[in-house]
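Trainee: In my numbering, each number is its position in the sequence shown, counted from 1, plus 8. Questions regarding the structure given below will be posed in turn.
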Amino acid sequence: MHMSAQQTFSFAQASALLPKLKTMLKAANQELMAKAEILANAYVYYEKCEQEMNKVKPGQSSRTNANDGVSDSFADLRQCRLNFQAAIESLSQAKQDYVQAINLWFDEISDTGVILRDIKTGLLDFPARNGSFEYYLCWQLDENEIGYWHMINDGFTGRRPLAVLNEYV
């Protein structure tokens with residue numbers, strides 16, 4: 009991977025961007041947690057409606073209409089279908105809202121020039137260069153400052169303390 013087309017950061021530039029990124033990541037996680045809860049509730053409602061629909065069988069109702077003695081099972085089935093359709097629409101909207109929010113946050117955070125690896129942990133890479141040596145400064149939300157780096161082909165498991173960076177550049 010070559011980063012010549014990417015913005016690169018010095019340690020000072022990356023560090024200066026941390027307060028903004030922390031704020032963005034915390035807001036993103038707060039919004040996504042709220043949307044995930046809505047999504048989970050919509051899924052529970054969907055499952056409940058699906059189970060109710062599977063229980064209702066036309067012609068097998070224990071209730072009868074007082075006026076003509078005709079079973080209300082078709083009315084029950086109709087209501088279950090309406091509830092199930094509403095549950096499907098609610099679940100679909102909740103999924104769409106969650107995906108839209110995650111995409112908007114991904115774009116907003118990525119527009120700063122960093123590479124967002126994991127929104128929940130706030131794992132970010134800052135493309136960096138020293139001469140022809142290209143690497144990433146690596147930071148995540150629970151860290152107070154940038155203290156790690158890794159080579160461009162290494163991931164999180166290849167993180168090394170900044171103190172050893174001078175051995176490579």
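Note that CB positions come from ideal geometry on N, CA and C, so glycine has one too. Predicted model, so just to flag it, every value in this text is computed and none were measured.
What residues in its chain sit with their C-beta under 6 Å from that of Leu33, if we drop five residues either side in the sequence?
Mentor: Around Leu33: Gly130 and Leu149.
Trainee: Rounded to the nearest angstrom, what separates Ile160 and Ala50 at their Cα positions?
Mentor: Distance between the alpha carbons of Ile160 and Ala50 is about 41 Å.
Trainee: Inspect the beta-carbon positions of Ala109 and Glu60 and report whether they are closer than 8 Å.
Mentor: No. Outside cutoff.
Trainee: Exposed or buried, Ala48, counting other C-beta atoms within 10 Å across all chains shown (16 or more means buried)?
Mentor: It is exposed - the Cβ of Ala48 has fewer than 16 other Cβ atoms within 10 Å.
Trainee: In whole angstroms, what separates the C-alpha of Phe114 from that of Tyr106?
Mentor: The straight-line gap from Cα to Cα measures roughly 12 Å.
Trainee: Taking the straight line between their C-alpha atoms, what separation do you get for Lys56 and Phe19?
Mentor: Rounded to the nearest angstrom, the two C-alpha atoms are 53 Å apart.
Trainee: What residue from Ser81, Ser23, Met41 and Val52 has the CA that sits closest to Ala95's CA?
Mentor: The residue with the shortest Cα to Cα distance from Ala95 is Val52.
Trainee: Which value, in whole angstroms, describes the spacing of the CA atoms of Asp84 and Ile117?
Mentor: Cα-Cα distance, rounded: 49 Å.
Trainee: Can you name, in chain order, every residue of its own chain whose Cβ lies under 6 Å from the Cβ of Cys88, other than the five neighbours on each side?
Mentor: The answer, listed in chain order, is Glu60, Met61 and Val64.
Trainee: Assuming the contact rule is C-beta atoms closer than 8 Å, Gln158 and Tyr176 should be a hit. Round their C-beta distance to whole Å, please.
Mentor: Strictly speaking, residue 158 in this sequence is His, with Gln absent from that position. Not a contact, Cβ separation roughly 10 Å.
Trainee: Phe17: which of Gly163, Ile154 and Asn174 sits nearest, CA to CA?
Mentor: Looking at the Cα atoms, Ile154 is the closest of the given residues.
Trainee: Based on DSSP bridge pairs, tell me the residues matched to Ile123.
Mentor: Looking at the DSSP assignment, Ile123 forms a beta bridge with Asp133.
Trainee: Roughly how many whole angstroms lie between the Cα atoms of Leu26 and Glu151?
Mentor: Approximately 10 Å, taken between the alpha carbons.
Trainee: So, Ile127 versus Ala36, is the Cβ gap smaller than 8 Å?
Mentor: Going by C-beta atoms, Ile127 is nearer than 8 Å to Ala36.
Trainee: For the alpha helix (DSSP H) that Leu26 lies in, which residues bound it at each end?
Mentor: Residues Phe19 to Lys63.
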